[in-house]
Amino acid sequence: MWLLRLLAVITAILIAGSALAWLLTREPRYLWLTKRLFIFALLAALIFLALLALERIAVIPL
Numbered sequence: 031m032w033l034l035r036l037l038a039v040i041t042a043i044l045i046a047g048s049a050l051a052w053l054l055t056r057e058p059r060y061l062w063l064t065k066r067l068f069i070f071a072l073l074a075a076l077i078f079l080a081l082l083a084l085e086r087i088a089v090i091p092l
């Protein structure tokens, strides 16, 4: 679980850093990177939460 928290913090730092780089330079590649990182992080979080909900609802015997 600590690994997921670490990845979330690193992702947040990367998103903030690329957004700040875009604000300072106004280069579109930084804005593109910010959008891509945000979408990837959002999808990863949704998949993780869906798996947690599935585990909670349907107990899958091994």
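Sequential numbering from 31 applies to the sequence shown in the working numbering. Here a beta-carbon is modelled for each residue, glycine too, at the ideal position from N, C-alpha and C. From a predicted model like this one, the values you see are computed outputs, not experimental measurements.
Check: Residues of its chain near residue 61, where Cβ-Cβ distance is below 7 Å and the 5 sequence neighbours each way are ignored; Outcome: 52
Check: Coarse secondary structure for residue 56, derived from DSSP in three states; Outcome: coil
Check: Under the three-state DSSP convention, the category residue 88 falls into; Outcome: coil
Check: Pairwise C-alpha distance: residue 69 and residue 82; Outcome: 20 Å
Check: Residue 64, buried or exposed, once every other Cβ within 10 Å from all chains shown has been counted against 16; Outcome: buried
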